[in-house]
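Worksheet: the structure to be examined is printed underneath.
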Amino acid sequence: IYASALIFFMQAGFAMLCAGSVRLKNVGNTMLKNLLDACGAALGFFLLGYGLAFGETESEGFTFVGTSNFLMIGIEDDSKANWV
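Residues in the sequence shown are numbered consecutively from 3, following our numbering.
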């Protein structure tokens, strides 16, 4: 949770950097762009990232990425889906 909070503060820092480097009339456009970037990242994590990070695999050995639970499909245990 701490690392994800730092990422969102970093996104806010990028928004301030962009706002400081454009003219006043374009600040709203850069803020909207940064908001849409954060929303797109959250949606991308929901679509692909959760399955890659926390998905289970059929093999017994070491695996680098998960191959299931994309879009939270196939999660029977409610404890894994409490963050939604």
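Each residue gets a CB set at the ideal place from its N, CA and C atoms; glycine is no exception.
Assuming residue i and residue j make a contact with CB atoms under 8 Å, what is their CB distance in whole Å?
{"i": "residue 57", "j": "residue 70", "result": "4 Å"}
{"i": "residue 40", "j": "residue 32", "result": "Not really, about 13 Å apart at Cβ, beyond 8 Å."}
{"i": "residue 67", "j": "residue 49", "result": "With 8 Å as the limit, residue 67 and residue 49 do not qualify as a contact, their Cβ atoms being about 14 Å apart."}
Pick from the options: whose alpha carbon is nearest that of residue i?
{"i": "residue 9", "options": "55, 73, 36 and 75", "result": "36"}
{"i": "residue 2", "options": "26, 60 and 45", "result": "Any property of residue 2 remains undetermined from this structure, which presents the chain solely from 3 to 86."}
{"i": "residue 38", "options": "27, 60, 14 and 19", "result": "14"}
Is residue i near the ligand NAD, going by C-beta to nearest heavy atom under 7 Å?
{"i": "residue 74", "result": "As for the ligand NAD, it is missing from this structure, which has no ligand bound."}
Can you tell me whether residue i is buried or exposed, with buried defined as 16 or more other CB within 10 angstroms of its CB?
{"i": "residue 5", "result": "exposed"}
Got a sec? Which residues, its chain only, sit under 6 Å from residue i by beta carbon, not counting five neighbours each side?
{"i": "residue 76", "result": "70"}
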